[in-house]
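Protein chains in written order, with the working numbering: chain A, 10 to 83; chain B, 10 to 83; chain C, 10 to 83; chain D, 10 to 83; chain E, 10 to 83; chain F, 10 to 83; chain G, 10 to 83.
The beta-carbon is built from N, C-alpha and C at its ideal position, and this holds for glycine as well.
Please read all numbers here as calculations on a predicted model, not as lab measurements.
Data first, discussion second: the structure below is written as C-alpha cells.
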Amino acid sequence: MSDRPIDVLNDAKGKRVLLRLKNKTEISGILQALDLHLNIWLDDAELTDGEEKIKLGKVLVRGDTIILASPVNE
Amino acid sequence: MSDRPIDVLNDAKGKRVLLRLKNKTEISGILQALDLHLNIWLDDAELTDGEEKIKLGKVLVRGDTIILASPVNE
Amino acid sequence: MSDRPIDVLNDAKGKRVLLRLKNKTEISGILQALDLHLNIWLDDAELTDGEEKIKLGKVLVRGDTIILASPVNE
Amino acid sequence: MSDRPIDVLNDAKGKRVLLRLKNKTEISGILQALDLHLNIWLDDAELTDGEEKIKLGKVLVRGDTIILASPVNE
Amino acid sequence: MSDRPIDVLNDAKGKRVLLRLKNKTEISGILQALDLHLNIWLDDAELTDGEEKIKLGKVLVRGDTIILASPVNE
Amino acid sequence: MSDRPIDVLNDAKGKRVLLRLKNKTEISGILQALDLHLNIWLDDAELTDGEEKIKLGKVLVRGDTIILASPVNE
Amino acid sequence: MSDRPIDVLNDAKGKRVLLRLKNKTEISGILQALDLHLNIWLDDAELTDGEEKIKLGKVLVRGDTIILASPVNE
Numbered sequence: 010m011s012d013r014p015i016d017v018l019n020d021a022k023g024k025r026v027l028l029r030l031k032n033k034t035e036i037s038g039i040l041q042a043l044d045l046h047l048n049i050w051l052d053d054a055e056l057t058d059g060e061e062k063i064k065l066g067k068v069l070v071r072g073d074t075i076i077l078a079s080p081v082n083e
Numbered sequence: 010m011s012d013r014p015i016d017v018l019n020d021a022k023g024k025r026v027l028l029r030l031k032n033k034t035e036i037s038g039i040l041q042a043l044d045l046h047l048n049i050w051l052d053d054a055e056l057t058d059g060e061e062k063i064k065l066g067k068v069l070v071r072g073d074t075i076i077l078a079s080p081v082n083e
Numbered sequence: 010m011s012d013r014p015i016d017v018l019n020d021a022k023g024k025r026v027l028l029r030l031k032n033k034t035e036i037s038g039i040l041q042a043l044d045l046h047l048n049i050w051l052d053d054a055e056l057t058d059g060e061e062k063i064k065l066g067k068v069l070v071r072g073d074t075i076i077l078a079s080p081v082n083e
Numbered sequence: 010m011s012d013r014p015i016d017v018l019n020d021a022k023g024k025r026v027l028l029r030l031k032n033k034t035e036i037s038g039i040l041q042a043l044d045l046h047l048n049i050w051l052d053d054a055e056l057t058d059g060e061e062k063i064k065l066g067k068v069l070v071r072g073d074t075i076i077l078a079s080p081v082n083e
Numbered sequence: 010m011s012d013r014p015i016d017v018l019n020d021a022k023g024k025r026v027l028l029r030l031k032n033k034t035e036i037s038g039i040l041q042a043l044d045l046h047l048n049i050w051l052d053d054a055e056l057t058d059g060e061e062k063i064k065l066g067k068v069l070v071r072g073d074t075i076i077l078a079s080p081v082n083e
Numbered sequence: 010m011s012d013r014p015i016d017v018l019n020d021a022k023g024k025r026v027l028l029r030l031k032n033k034t035e036i037s038g039i040l041q042a043l044d045l046h047l048n049i050w051l052d053d054a055e056l057t058d059g060e061e062k063i064k065l066g067k068v069l070v071r072g073d074t075i076i077l078a079s080p081v082n083e
Numbered sequence: 010m011s012d013r014p015i016d017v018l019n020d021a022k023g024k025r026v027l028l029r030l031k032n033k034t035e036i037s038g039i040l041q042a043l044d045l046h047l048n049i050w051l052d053d054a055e056l057t058d059g060e061e062k063i064k065l066g067k068v069l070v071r072g073d074t075i076i077l078a079s080p081v082n083e
C-alpha cells in the first residue's frame with residue numbers, strides 16, 4: 010500500500026485518465042505530467058460539457074479546478 | 010486519545026470510507042492512501058450523484074473538495 | 010484568559026461539540042482530536058441537514074468547511 | 010496610532026464584540042481570545058440569523074468566515 | 010512613484026477611506042491601521058447595505074472580503 | 010521575450026490600464042504601483058458597473074479580485 | 010515524457026494559446042510569459058464572452074481564474 014495519494018496517477022502516466030472539474034465539465038486525455046498541486050498535462054484531450062464534446066489536443070488543467078481524477082480502463 | 014484528526018482515517022486504510030463532497034455528491038471506496046491536504050486515493054470507488062451511481066474504479070479525490078470522510082461499518 | 014482561540018475546543022475533548030458547516034448542515038459528536046486548521050475528528054457523530062438526521066459514527070470534518078464549533082452543555 | 014489592525018480587537022478582550030459572517034448571520038459574544046487568522050473564541054455568544062436568535066454559549070468562530078468584527082458600546 | 014500598492018493607503022492614515030466589499034456592501038471610516046493582507050481598522054465607521062446605513066464605530070474588516078479601498082476627498 | 014508575466018504591467022506604469030474584476034465590474038486608471046499578488050494602485054480611476062460609471066480617484070484594488078489587467082492604447 | 014505539467018505551455022511560447030476561465034469566458038492570444046501560479050501574459054489577445062468578441066491587445070491574466078490552457082494548432 011502506497012502512502013501518497015498521487016501515486017494512483019503516477020502509475021497512469023501514458024494512459025488515459027478522466028478528470029471531473031468543479032464547473033461540471035469532464036476532460037479525458039493521455040496523462041503526460043502532473044505535480045503536487047494536481048496541475049495536469051493531458052494529450053489528445055477531449056472536454057465534455059453536457060451534450061457538447063470539444064477536442065482540445067494538448068492541454069494544461071489547473072489543479073484547483075479538479076474534483077477527482079481517475080484512470081480509465083481500456 | 011490521539012492528537013491528530015487524520016488518524017481516524019489512517020486507522021481505516023484498506024477499509025471502505027464514505028466521502029461527502031462540496032458539490033453534493035458522495036464517493037465511497039477502499040482507502041488506499043491519504044495526505045495532510047486530505048487528498049485521498051480510493052480503490053473500487055463509486056460516486057453517488059442524487060439518483061445516479063457511477064463506478065469509478067481507482068480514483069484520486071482532491072482534498073479541498075471534501076467536506077467530511079467517514080469509515081463505513083461493514 | 011487564554012491567548013489561543015482553539016483552547017475553547019481543547020477543553021472540550023471527550024465531550025460533545027456542535028459544528029455548523031458552510032453548506033448549512035450541522036454535525037454533533039464527541040470531540041476526539043483537532044488541529045490548527047480546525048480539522049476535527051468526532052465519534053458518535055450525527056449530521057443534521059434540514060429535517061434529515063444521519064448517523065455517521067466516526068468522522069473527520071475538514072476545517073475549511075466549518076463556520077463555528079461550540080461545546081454542548083449536557 | 011497603532012500599526013496593527015488586530016489591536017482594535019485586542020483592546021476589546023473581556024468585552025462584547027459583534028461579528029458579521031459571510032453567510033449573512035451575526036454573532037455577538039464576550040471576546041476571550043483571537044489569533045492572526047481572526048479565529049475568535051467568544052463566551053455567552055448569541056447567533057442572529059434573520060429573525061431567529063440562537064444561544065451558543067462558548068463558541069469558536071473560524072476566521073475565514075468573518076467579514077468584520079466590531080466592539081459593542083455598552 | 011512608489012513601488013508598493015499599499016502606500017496609497019499608508020498615506021491616508023487618519024483620513025476617511027471607502028471600502029467596497031465582496032458582499033456588495035460599502036464601509037467608510039477613518040483609517041487607523043492596515044496590514045499586508047489588507048486587514049483594516051477603521052474608526053467612526055458606517056456600513057452601507059443598499060438603502061440601509063448602519064453605524065459601526067470601531068471595526069476590523071478582514072482583508073479577504075475587500076475588493077477595493079479608496080481615500081475619500083473631503 | 011520576458012520570463013515574468015507581470016512585466017507586461019511593469020512596462021505600463023504611468024499609463025492607463027483596464028482591470029476586469031470577478032464581480033463583473035471594470036476599473037480603469039493610471040497605474041502607479043503593483044505587487045506580485047497583483048494588488049494594484051491606480052490614480053484617476055473610474056469604475057464601470059453595467060451602465061453606471063463612478064469616479065474613484067486614487068484606489069487600491071485587491072489582487073485576488075482581478076481576472077485580467079490590460080494596458081490601454083491611447 | 011516531462012515531469013512538469015507547465016512544460017506543455019513553455020513549449021508554446023510565441024504561439025497562440027486558448028484559455029478557458031472560471032467566469033465562462035475564453036481568451037486567446039500569443040503566449041509571451043507565464044509563471045508557476047499560471048499567471049499568463051498574452052499579446053494580440055481576444056476575449057470571447059458568449060456572442061461578444063473584445064480585442065484586448067496585451068493582457069495579463071491572473072492564474073487563479075484559469076481552468077485550462079491549450080496551445081492552438083494553426
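What E/S37 touches in chain F, judged by beta-carbon distance under 7 Å, is nothing: the nearest beta carbon there is about 13 Å away. Here the stretch 50–66 of chain A makes contact with the stretch 34–41 of chain A; the two share three or more CB pairs at distances below 8 Å. About 7 Å separates the CB atoms of C/R71 and B/L77; that is less than 8 Å, so the two are in contact. One finds L47, I75, I76 and L77 in chain F with Cβ atoms closer than 7 Å to the Cβ of G/R71, taken in chain order. Straight-line spacing of the CA atoms in A/V81 and B/E60 works out to 23 Å. A distance below 7 Å between beta-carbons, with the five flanking residues on each side excluded, links D/R29 to the following residues of its chain, in chain order: E35, I76 and L77.
Spanning the alpha carbons of E/D58 and F/D58 requires a straight line of approximately 17 Å.
Taken atom to atom, the span from the alpha-carbon of D/D12 to that of F/D12 is near 36 Å. Contact annotation for B/V81 against chain A: no contact, minimum CB-CB distance about 18 Å [criterion: below 9 Å]. When the beta-carbon positions are compared, A/K31 and A/T74 come within less than 9 Å of each other. Looking at the DSSP output, B/R13 shares a beta bridge with no other residue.
G/V68 sits close to F/V17, with the two beta carbons spaced by under 9 Å. For E/T57, the three-state secondary structure derived from DSSP is strand. Here C/K62 is bridged, per DSSP, to C/T57. Neighbours of B/V26 in chain A, taken as residues at a C-beta separation under 8 Å, are lacking, since the least C-beta distance is about 13 Å.
Using a Cβ-Cβ cut-off of 9 Å, F/D44 does not count as an interface residue toward chain G, since no Cβ of chain G sits closer than that to its own.
A Cβ-Cβ contact shorter than 9 Å links D/N48 with C/L47. The three-state reading of DSSP puts G/L18 in helix, counting H, G and I together. Straight-line spacing of the CA atoms in B/G66 and A/L27 works out to 11 Å.
Using a Cβ-Cβ cut-off of 9 Å, C/D12 counts as an interface residue toward chain D, since at least one Cβ of chain D sits closer than that to its own.
Here the alpha carbon of B/K62 sits roughly 16 Å from the alpha carbon of A/K33. Under the three-state reduction of DSSP output, F/D44 falls in the coil class, being neither helix nor strand. Taking C-alpha positions only, A/K64 is separated from A/D20 by approximately 25 Å. F/R29: member of the beta strand (DSSP E) spanning R25 to L30, first to last residue. Within chain C, no residue has its beta carbon less than 9 Å from that of D/V17; the closest one is some 17 Å off.
Chain D has a Cβ within less than 9 Å of the Cβ of C/K33.
Taking a Cβ-Cβ threshold of 8 Å, the residues of chain E close to F/G66 are S79, P80 and N82, in chain order. When only Cα atoms are considered, F/L45 and E/P14 end up about 10 Å apart. Here the alpha carbon of B/S79 sits roughly 38 Å from the alpha carbon of D/S79. Checking the DSSP bridge columns, you'll see C/V68 partnered with C/L51.
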